[in-house]
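What follows is a short report on a single structure.
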Amino acid sequence: MDSSCKPRTINLNKGDGQSYGFFLRIEEGVQGHLIRNVEPGTIADKAGLKDGDRVVKVNGTCVDSKDHSKVVELIQESGTSVTLQVLDEIAYLKIKDQDNESQMPQPKPAQIMNGMAGTTPKPKLCYMVKDKSGYGFSLKTIKSNGIFMTDVKASGVADKAGVKNNDRLIEINSENVEKCTHEQAVAKVSMGVVFLLVDEDTDKYYKNAGMKITSEMANLKLLPHKPRTVELAKGEDGYGYYLKEEKAGSSQRHFINEIDKGGPADRAGLENMDRIVCVNGDPVDSMSHEQVVERIRECGNKTFLMVIDEITDKIYKMAGVSPMLCWEEENHSNNKPLCTTPTTAPEDKVKHKPKLCKLEKTTSGFGFHLNAIRGTPGHFLKEVVMGSPAEQSGLVDDDILVEVNGVNVEKKSHEEVVEMIRSAGSKIEMLVAEKTVYNYFTEKNIPITTALIELPKTETCSNRLILGWLNASFHVELYR
């Protein structure tokens, strides 16, 4: 292998409560599991991770073809240490190009596979529930070749589910049966089953490529129930539902609950106890309740949710596939633009500047709450009281705090920042940035300092703050 294409081994070790200091993402139209937003000075940065690196192995397990949510789970389940193998963007794309040109056999033009026209054959997932006449198929075992579907009855359960004669059986309810005896496979067929099958052409394709067939490669279009993607437009009273969180093993499950009749959620077709799979393409099973709320909030007045009801959830669990595959399949096939945070005006029309806000405390305090999300760097302002010292100095809700009295606090703990503000006395100077401004400079690796500000020539408001304000005490809110 070309030395420039050799993966780098990155060993990451963190303490309890620490983060590694990077985001793992998938992006529309971009191949691989992407490293993004590597924060300077963090564990990830010191270990040599770079923005745009692709993760190809986690603790020795190849993950390039795995569902993104499973890669996230592998990292989370590693605890306080994990070993990643990564490639930079140039090396990754070079290997991908080589694979496409020389390693992968090309299917015939306009070939029809699993009932779908396309350039790459896929296995298929078929869900069946036995009726009074049975499933309407038989199994035959050909020594050394595998287990095959036969005697598929026209208009029977199997036929309607997409099963064809001579399809080879790969999995039953997400369990591989390629090495099972005929009797063992028959015993695994129950009242409701999901088969992973390949037709003859697809079988040859993957055998020639030397690739193991898994459910993650499958075409999902034959499954009778699918996740739903809904577009929500915020009304005057929000989206019109509550978000409920339930823990499921190492993951979090987030459910739609208490839908307001006639509200945006109701009109969009959401149902109580629909489970949220992703928000604008970002899987949420690894997110906390607060992180999901923040992700939805970041989208402004419109957001896209992929949700799944109970029966669909059951089918996908039986199949052993993530509903996120459906999102990826839909967006790739339809070339839909992935909805992200609201776009801003072109850079030449926007002045990206932080704000230097000077506050003088009254008898009721400064007039804001300082919040943080546990495990996530940064501190942001909430509940800025109208007419308070905070509001009159220019602070607004969701401003991100960068400096307190000239000292950078981005990497300090929440408790340290609260203590700095408390010990500052009656006057304080805060350098803050709106979220779009903060992200702009962070993505360009530009440190946010007062040097970025064109200081106004008008006097500050601090000498005019003479009234008392309600609800002005500090509120240390650590989301769990």
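Its first residue numbered 1, the sequence shown is counted upward by one per residue in UniProt numbering. Every residue, glycine too, gets a C-beta built ideally from N, C-alpha and C.
- F195 is a Cβ neighbour of C126, given a cutoff of 8 Å.
- Around the beta-carbon of H369, 16 or more other beta-carbon atoms lie within 10 Å, marking it buried.
- Listed in chain order, the non-local C-beta contacts of V58 below 7 Å within the same chain comprise V71, L74, I75, V82, L84, local neighbours out to five positions each way being set aside.
- Look at the beta carbons and you see the segment 11-21 touching the segment 38-53: at least three pairs across the two are nearer than 8 Å.
- Looking at the backbone, the Cα of I95 and that of D64 are separated by about 12 Å.
- Setting aside the 5 residues that flank it on each side, A47 is surrounded in the same chain by I10, N11, L12, each with a C-beta closer than 7 Å to its C-beta; the list follows chain order.
- In this structure, D53 is the residue among E360, D309, D53 with its C-alpha nearest to the C-alpha of Y92.
- Ranked by Cα distance from E258, the options Y239, T150, V157 are led by Y239.
- In the DSSP assignment, Q85 falls within the unbroken beta strand (DSSP E) covering 81-87.
- Straight through space, the alpha carbons of V55 and G32 are spaced by roughly 7 Å.
- By the C-beta density criterion, A319 is buried, having at least 16 other C-beta atoms within 10 angstroms.
- The DSSP-derived three-state label of Q252 is strand.
- As DSSP reads the structure, I428 sits in a beta bridge with L359.
- Beyond the five residues adjoining it in sequence on each side, R8 comes within less than 6 Å, by CB distance, of V86 in the same chain, given in chain order.
- Closest option to K188, judged by alpha-carbon separation, among S174, E200, D201: S174.
- Between D274 and I256, the C-beta gap is smaller than 8 Å, which places the two residues in contact.
- P283 is bridged by DSSP to C278.
- Pairing W327 with C278 gives a Cβ-Cβ distance under 8 Å.
- Per DSSP, reduced to three states, the secondary structure at D167 is coil, with no helix or strand assignment.
- Residue range 228-233 is occupied by the beta strand (DSSP E) that includes A233.
- The beta carbon of V437 is closer than 7 Å to those of H352, K353, P354 in its chain, skipping five residues each way along the sequence.
- In the DSSP assignment, M306 falls outside any alpha helix (DSSP H) and lies within the beta strand (DSSP E) extending over 302-308.
- In the DSSP assignment, V129 forms a beta bridge with G192.
- For V307, the CB contacts under 6 Å within the same chain, skipping 5 residues up- and downstream, are R228, D274, I276 in chain order.
- In the three-state reduction of the DSSP assignment, F441 falls in the helix class.
- For V402, the enclosing beta strand (DSSP E) stretches over residues 400-404.
- DSSP places E236 in no beta strand (DSSP E); its state is neither H nor E.
- By the Cβ criterion, the segment 163-174 is in contact with the segment 145-155, since at least three pairs of Cβ atoms, one from each stretch, lie closer than 8 Å.
- Pairwise C-beta distances place the segment 428-446 in contact with the segment 401-408, as three or more of them are shorter than 8 Å.
- In the DSSP assignment, L34 falls within the unbroken beta strand (DSSP E) covering 30-36.
- Under the DSSP assignment, S138 falls in the beta strand (DSSP E) whose first and last residues are 138-142.
- V186 and D282 have their C-alpha atoms some 39 Å from each other.
- Here the alpha carbon of A451 sits roughly 14 Å from the alpha carbon of V407.
- In the structure shown, A218 falls within a coil segment according to DSSP collapsed to helix, strand and coil.
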